[in-house]
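As structure tokens, the structure follows; a few thoughts come after it.
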């Protein structure tokens with residue numbers, strides 16, 4: 008039985024869920040990107056850029072996503088959904 012690319016992707020990344028750290032690292036590796044080098048270029052520690060894996064860090068999320076070739080909301084959909092809700096809270100309709 009052969010799975011489609013979309014089905015294979017779902018084995019590692021659940022739609023609507025933030026990507027696992029291993030998936031982010033693998034995507035970076037597949038693009039030939041080294042987090043340590045990204046950090047050196049920006050004169051920050053690797054730990055600083057890795058903060059994006061664990062907490063809201065929009066600037067670093069953007070850089071990691073650009074390196075992978077996707078929008079940050081693709082990697083961290085829950086974070087961006089929360090941010091959008093904070094920016095545009097829905098008004099209660101009476």
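In my numbering, the protein residues as written are 8 to 101.
Using N, Cα and C, we set each Cβ at its ideal position, and we do this for glycine too.
None of these values were measured; they are calculated from a predicted model.
Buried or exposed (CB count within 10 angstroms, at least 16 for buried), residue i
{"i": "residue 44", "result": "exposed"}
{"i": "residue 51", "result": "exposed"}
{"i": "residue 101", "result": "Note that residue 101 has pLDDT 47, beneath the 50 cutoff, so the model's placement of it is unreliable and the number below is only indicative. Exposed: under 16 other Cβ atoms inside 10 Å."}
{"i": "residue 24", "result": "exposed"}
{"i": "residue 21", "result": "exposed"}
{"i": "residue 68", "result": "buried"}
{"i": "residue 66", "result": "exposed"}
Continuous alpha helix (DSSP H) stretch holding residue i: start and end
{"i": "residue 47", "result": "42-48"}
{"i": "residue 62", "result": "It is not in any alpha helix (DSSP H) - residue 62 carries neither H nor E in the DSSP assignment."}
{"i": "residue 79", "result": "79-82"}
{"i": "residue 37", "result": "28-37"}
Which listed residue (the options) has its alpha carbon closest to that of residue i
{"i": "residue 27", "options": "60, 38, 55, 53", "result": "60"}
{"i": "residue 89", "options": "63, 75, 72, 19", "result": "63"}
{"i": "residue 35", "options": "75, 29, 47, 82", "result": "75"}
{"i": "residue 77", "options": "38, 93, 54", "result": "38"}
Residue i Cβ short of 7 angstroms to the ligand GDP heavy atom set
{"i": "residue 54", "result": "Within the structure as shown, the ligand GDP is missing, as the structure has no ligands at all."}
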